[in-house]
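Enquirer: Under my numbering, think of the first position of the sequence shown as 72, with each following residue one higher.
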Amino acid sequence: MRYDPTNNNLRNLIIGAEQKVPLSDGKEVTAINFDNAATTPILYSVLKEINQFAPWYSSVHRGAGYKSKVSSDIYEQGREVVQSFVNSDKEKDIVIFTKNTTESINMLSFILSQQKYHQKVILSTSMEHAANDLPWRDKFKVDYVEIDKQGRLSIEDLEDKLIRYRGSVKLVSVTGASNVTGYLNPIHKIAALAHKYDAKILVDGAQLVPHTTVDMKAFDTVEHIDYLAFSSHKMYAPFGSGVLIGPKDDFMETNPFLQGGGAIRLVTPGRVQWDEPAGKEEAGTPNIMGVVALTAAIKTLQSVGMDTIYKLEKALYDYAISHMKNIPDIKFYSDPFKGDTISVIPFNLLGIHHDILPLILSGEAGIAVRNGFFCTHPYCERLLGLSENDTLQKYEEDDALFPGMVRVSFGFYNNYKEIDRFINIQNIIAEDKEYYLSKYSKVLSLTQINKEVGRCTNRTNFGC
Ligand code: PLP
Numbered sequence: 072m073r074y075d076p077t078n079n080n081l082r083n084l085i086i087g088a089e090q091k092v093p094l095s096d097g098k099e100v101t102a103i104n105f106d107n108a109a110t111t112p113i114l115y116s117v118l119k120e121i122n123q124f125a126p127w128y129s130s131v132h133r134g135a136g137y138k139s140k141v142s143s144d145i146y147e148q149g150r151e152v153v154q155s156f157v158n159s160d161k162e163k164d165i166v167i168f169t170k171n172t173t174e175s176i177n178m179l180s181f182i183l184s185q186q187k188y189h190q191k192v193i194l195s196t197s198m199e200h201a202a203n204d205l206p207w208r209d210k211f212k213v214d215y216v217e218i219d220k221q222g223r224l225s226i227e228d229l230e231d232k233l234i235r236y237r238g239s240v241k242l243v244s245v246t247g248a249s250n251v252t253g254y255l256n257p258i259h260k261i262a263a264l265a266h267k268y269d270a271k272i273l274v275d276g277a278q279l280v281p282h283t284t285v286d287m288k289a290f291d292t293v294e295h296i297d298y299l300a301f302s303s304h305k306m307y308a309p310f311g312s313g314v315l316i317g318p319k320d321d322f323m324e325t326n327p328f329l330q331g332g333g334a335i336r337l338v339t340p341g342r343v344q345w346d347e348p349a350g351k352e353e354a355g356t357p358n359i360m361g362v363v364a365l366t367a368a369i370k371t372l373q374s375v376g377m378d379t380i381y382k383l384e385k386a387l388y389d390y391a392i393s394h395m396k397n398i399p400d401i402k403f404y405s406d407p408f409k410g411d412t413i414s415v416i417p418f419n420l421l422g423i424h425h426d427i428l429p430l431i432l433s434g435e436a437g438i439a440v441r442n443g444f445f446c447t448h449p450y451c452e453r454l455l456g457l458s459e460n461d462t463l464q465k466y467e468e469d470d471a472l473f474p475g476m477v478r479v480s481f482g483f484y485n486n487y488k489e490i491d492r493f494i495n496i497q498n499i500i501a502e503d504k505e506y507y508l509s510k511y512s513k514v515l516s517l518t519q520i521n522k523e524v525g526r527c528t529n530r531t532n533f534g535c
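Here is the structure:
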């Protein structure tokens with residue numbers, strides 16, 4: 072197969088790919104979604120599977136009726152589909168269904184905080200989403216692996232820190248791919264280093280699993296990934312499910328993250344006998360629709376092929392970069408010309424605030440992008456060249472429009488024609504910034520007024 076997104080038939084797999092949206096002049100155009108890193112649209116196959124399953128929908132693990140048995144079986148089979156997708160060990164690992172990556176990492180931090188080992192340091196990195204930073208802060212000593220000038224993770228600094236903490240590092244907790252720069256981290260190299268110094272590794276797979284092949288590798292290899300977390304809504308499956316994978320043994324002796332029905336074997340007034348993991352970590356009625364959606368999405372992604380998806384998205388990325396770089400006053404915040412990335416591009420059109428450009432792109436061309444700090448504040452500060460003090464000061468300045476960036480992120484169903492529309496409108500904006508600024512600043516000030524009267528407490532879009 073040629074990786075040519077010009078005639079991308081895979082678009083037919085997506086619901087709403089041809090949906091029209093209104094522009095500021097009332098005309099309608101086909102919407103362009105360049106915000107796939109936030110949430111992807113829905114696959115037809117996912118809704119088809121949901122519809123086919125709907126007549127069988129019933130309580131999971133809670134009923135003796137036939138439908139309940141069908142629902143429970145499908146839910147359990149979902150774990151196997153997930154394990155095959157990322158090559159997790161079916162004997163030693165468990166798949167815990169959560170509501171998203173954020174919950175998965177919060178759960179893991181809670182579980183690991185109960186272990187009585189001497190290792191109390193978590194090595195996170197300076198490029199993490201808040202979901203893979205904050206859950207560690209209140210339970211462990213956290214240190215952050217450095218990034219270089221381009222924002223890439225410093226493997227040298229990782230090893231320095233592993234040596235400096237001399238066996239006290241419990242976990243290296245790293246994103247598989249950055250939601251800001253798209254940089255892919257060498258997770259297996261990082262795993263080998265972590266294991267060399269007796270630490271384990273968690274990969275935040277929110278931006279990795281939907282875009283390329285992920286292989287957790289065998290337990291007895293140094294490159295093995297100990298824990299993996301990801302979200303269904305970023306891989307074409309809505310209904311609010313997520314995944315945490317890790318060794319069953321780690322969940323045996325600990326108290327569960329959530330307590331309640333489904334997590335228990337026996338409760339007396341004085342005693343609780345917990346269920347076996349994974350059930351022990353899934354208190355409350357399980358989200359069967361979320362699991363049906365996720366497994367359907369995985370099957371479709373597998374049939375397209377994860378390598379094909381990676382290559383298609385990379386072709387879109389290269390095409391976009393090669394044209395964006397000629398737009399006057401464009402500033403990139405990643406190095407698009409070196410190293411591995413998924414298709415995420417952070418940039419600004421100098422002279423147009425990051426809160427305003429998305430309004431223009433939407434109002435003039437029906438293009439959806441994201442802006443702000445993308446829930447990845449320390450990393451964005453660094454990429455923008457701000458110190459912590461600068462950031463705090465700007466935050467305190469009432470009338471300051473807070474700094475930030477604009478982000479485009481592609482899915483395998485996007486095509487070159489959409490990128491052409493995006494480049495074209497940006498060239499037009501760049502030529503007459505005054506006009507677009509005055510037109511859309513009014514929209515922005517209305518938004519600000521709405522915020523001030525209480526609809527939102529943020530002055531500007533912090534991207535979270
Ligand atoms: N990690 C990364 C790298 C992300 O990009 C995101 C969301 O954008 C998350 C974690 C959190 O994902 P969720 O909101 O699905 O929990």
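The beta carbon of each residue, even a glycine, is placed where N, CA and C say it ideally should be. Note that the structure is a prediction, hence the values are computed from the model and not measured.
On a Cα-Cα basis, can you pick out the residue from Gln464, Ile86, Ala201, Thr252 that is closest to Val117?
Expert: Per the Cα distances, Ile86.
Enquirer: Using a Cβ-Cβ cutoff of less than 6 angstroms, which residues in the same chain neighbour Met72 once the five nearest sequence positions on both sides are dropped?
Expert: Bear in mind that the predicted position of Met72 carries a pLDDT of just 45, short of 50, making it too unreliable to give a figure here.
Enquirer: Please check the pair Val362 and Gly149, which I expect to be a contact at CB under 8 angstroms, by giving their CB distance rounded to whole angstroms.
Expert: Right, their Cβ atoms sit about 4 angstroms apart.
Enquirer: Once you ignore the five residues that flank Phe290 on each side, which residues in its own chain have a CB closer than 6 angstroms to its CB?
Expert: Closer than 6 angstroms at the Cβ level, and outside the excluded window around Phe290, lie Asp160, Lys163.
Enquirer: Around the C-beta of Ser180, are 16 or more other C-beta atoms found within 10 angstroms, so that it is buried, or is it exposed?
Expert: Looking at its Cβ environment, which holds 16 or more other Cβ atoms inside 10 Å, Ser180 is buried.
Enquirer: Who sits around the ligand PLP, taking every residue whose Cβ is closer than 5 angstroms to one of its heavy atoms?
Expert: Those satisfying the condition are, in chain order, Asn171, Thr172, Thr173, His200, Ala202, Thr246, Asn250, Asp275, Ala277, Gln278, Ser302.
Enquirer: Applying the 10 Å Cβ sphere with the 16-neighbour rule, what's the burial state of Ile234?
Expert: Exposed: under 16 other Cβ atoms inside 10 Å.
Enquirer: Tell me which same chain residues have a C-beta within less than 8 angstroms of the C-beta of Asp214, skipping the five on either side of it?
Expert: Answer for Asp214: Val192, Ile193, Leu194, Ser195, Lys232, Tyr236, listed in chain order.
Enquirer: Report buried or exposed for Phe408, applying the criterion of at least 16 other Cβ atoms within 10 angstroms of its Cβ.
Expert: The residue in question, Phe408, is exposed, as its Cβ has fewer than 16 Cβ neighbours within 10 Å.
Enquirer: Can you list, in chain order, the residues of its chain whose CB lies under 6 angstroms from that of Leu114, leaving out five sequence neighbours each side?
Expert: Within the same chain, Leu114 has close Cβ partners Leu84, Tyr307, Ala368, Thr371.
Enquirer: Taking the alpha carbon of Val240 as the reference point, which residue from Trp207, Leu224, Ser130 has its own alpha carbon closest?
Expert: Val240 has its Cα closest to that of Trp207, out of Trp207, Leu224, Ser130.
Enquirer: Let me know if Thr356 comes out buried or exposed under the rule of 16 or more other beta-carbons within 10 Å of its beta-carbon.
Expert: It counts as exposed.
Enquirer: Less than 6 angstroms between C-beta atoms, sequence neighbours within five positions excluded: which residues of the same chain meet that for Ala201?
Expert: Result list for Ala201: Cys446, in chain order.
Enquirer: According to DSSP, what are the bridge partners of Ser195?
Expert: DSSP, once it has assigned bridges, lists Tyr215 as partnering Ser195.
Enquirer: From Gln344, His282, Ile380, Gly276, pick the residue whose C-alpha is nearest to that of Val314; which is it?
Expert: Looking at the Cα atoms, Gly276 is the closest of the given residues.
Enquirer: Look at the alpha carbon of Tyr188 and the alpha carbon of Ala263, and state the distance between them as a whole number of angstroms.
Expert: Each residue's alpha carbon lies about 21 angstroms from the other.
Enquirer: Locate the alpha helix (DSSP H) running through Thr497, then write down its first and last residues.
Expert: Inspection of the sequence shows that residue 497 is occupied by Gln rather than by Thr. Unbroken alpha helix (DSSP H) run through Gln497: 487-502.
Enquirer: Taking only the alpha-carbon atoms, compute the straight-line gap between Met198 and His132 and give it to the nearest angstrom.
Expert: Rounded to whole angstroms, Met198 to His132 spans 40 angstroms at the Cα level.
Enquirer: For Thr101, which of helix, strand or coil comes out of DSSP?
Expert: The answer is strand: DSSP assigns Thr101 an E or B state.
Enquirer: Note the first and the last residue of the continuous beta strand (DSSP E) segment covering Leu442.
Expert: Note that residue 442 corresponds to Asn in the displayed sequence, not to Leu. Note, Asn442: beta strand (DSSP E), 441-443.
Enquirer: Using DSSP's beta-bridge definition, name the partner residues of Arg478.
Expert: Looking at the DSSP assignment, Arg478 forms a beta bridge with Pro417, Arg441.
Enquirer: Do the region 386-404 and the region 477-489 meet, that is, are 3 or more Cβ pairs less than 8 angstroms apart?
Expert: With a cut-off of 8 angstroms, the region 477-489 and the region 386-404 count as touching, because enough Cβ pairs lie within range.
Enquirer: Return the Cβ separation of Asn158 and Met287 in integer angstroms, given the expectation that the two are a contact with Cβ distance under 8 angstroms.
Expert: With a Cβ gap of about 5 angstroms, Asn158 and Met287 count as contacting.
Enquirer: Would you identify the three-state DSSP class for Arg336, choosing helix, strand or coil?
Expert: Three-state result, Arg336: strand.
Enquirer: Smallest Cα separation from Leu299: which of Asp269, Gly333, His259, Gly332?
Expert: For the residues Asp269, Gly333, His259, Gly332, the minimum Cα distance to Leu299 belongs to His259.
Enquirer: Could you tell me whether the region 493-513 touches the region 393-400, using the rule of 3 or more Cβ pairs below 8 angstroms?
Expert: The region 493-513 vs the region 393-400: in contact.
Enquirer: In chain order, what residues of the same chain have a beta carbon less than 8 angstroms from the beta carbon of Lys170, not counting five sequence neighbours either side?
Expert: Excluding sequence neighbours, Lys170 sits near Gly311, Ser312, Gly313, Asn358, Gly361.
Enquirer: Is it a yes or a no for the region 424-443 touching the region 504-512, going by three-plus beta-carbon pairs under 8 angstroms?
Expert: Yes, the region 424-443 is in contact with the region 504-512.
Enquirer: For Phe493 and Thr252, what's the separation of their Cα atoms in angstroms?
Expert: When rounded, the distance between both Cα atoms is 19 angstroms.
Enquirer: Considering only the beta carbon of each residue, do Thr246 and Gln278 sit closer than 8 angstroms?
Expert: Yes, they are a contact pair.
Enquirer: Beta-carbon separation of Val477 and Phe418 under 8 angstroms?
Expert: Cβ atoms of Val477 and Phe418: closer than 8 angstroms.
Enquirer: By Cβ distance, which residues of its chain are closer than 8 angstroms to Gly525, with the 5 residues on each side in sequence left out?
Expert: The predicted model places Gly525 with a pLDDT of 42, which falls under 50 and marks its position as unreliable; any figure quoted below should be read in that light. Closer than 8 angstroms at Cβ, skipping near neighbours: no residue.
Enquirer: Residues in the same chain with beta-carbon distance under 8 angstroms from Arg342, minus the five sequence neighbours each way, listed in chain order, please.
Expert: Nothing meets the Cβ criterion.
Enquirer: Hey, could you find the ends of the alpha helix (DSSP H) Val362 is sitting in?
Expert: Residues 359-375.
Enquirer: In three-state DSSP terms, what is Gly434?
Expert: The answer is helix: DSSP assigns Gly434 an H, G or I state.
Enquirer: Which value, in whole angstroms, describes the spacing of the CA atoms of Asn485 and Leu383?
Expert: Spanning the two alpha carbons is a distance of roughly 9 angstroms.
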